[in-house]
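Undergrad:
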Amino acid sequence: MMGSEWVRLERYEGPWEPDDPDANFKAEVADYGRLDPLHTLAGLSAHTGIPVGALARYVLARFATTGSGGLLELGPAMVERLREPVRRAEAEATDEARLAAYRELAALLGWLGAPLDDPELYPGA
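Spelled out as structure tokens, the structure:
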């Protein structure tokens, strides 16, 4: 278990095979590795008074829990409603069932996204 041990920030440059299923992610890690995140965190620390280490922990925890955060925002019941059409379609394993699942998901996502389309809630969105 890692806990709050020291972590060395290092660059990653590969190599990876073109057919590696994680090739896009590895390329992104390599691209972002060219940046120095501590420069940004130092500026934010100076502005807010929050220690750099606390900011780094926040950034890592926030990124690492993004999926869990989405679950908390949507709620378990809605996540299950979104998963169910896919489960049914995959169990039936037909193009018709998958198209029906797509239409059901599109309707649910349209309903969830409706507030984003409201110019009073999100002007300029």
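Under my numbering, residues 1 to 125 are what the sequence shown spells out, in order. Don't be surprised by glycine CBs; every beta carbon is placed ideally from N, CA and C.
#1: Look at the Cβ atom of Tyr-12, then the Cβ atom of Ala-30, and state whether they are nearer than 8 Å.
#2: Does the Cβ of Pro-85 have 16 or more other Cβ atoms within 10 Å, making it buried, or fewer, making it exposed?
#3: Give me the Cα-Cα distance between Glu-17 and Ala-27, rounded to the nearest whole angstrom.
#4: Mind checking which residues open and close the alpha helix (DSSP H) that includes Asp-31?
TA: Concretely, from the data shown:
#1: Start at 1 with the first residue of the sequence shown, and residue 12 comes out as number 12. Start at 1 with the first residue of the sequence shown, and residue 30 comes out as number 30. It is a contact, given that the beta carbons lie within the stated cut-off.
#2: Stepping through the sequence shown from its first residue, residue 85 is reached at position 85. Around the beta carbon of Pro-85, 16 or more other beta carbons sit within 10 angstroms, so the residue counts as buried.
#3: Indexing the sequence shown from 1 puts residue 17 at position 17. Indexing the sequence shown from 1 puts residue 27 at position 27. Computed Cα separation, rounded: 11 Å.
#4: For the purposes of this step, residue 31 is taken as the residue at position 31 of the sequence shown. It spans 23–32 - the alpha helix (DSSP H) in which Asp-31 sits, taken as one unbroken run.
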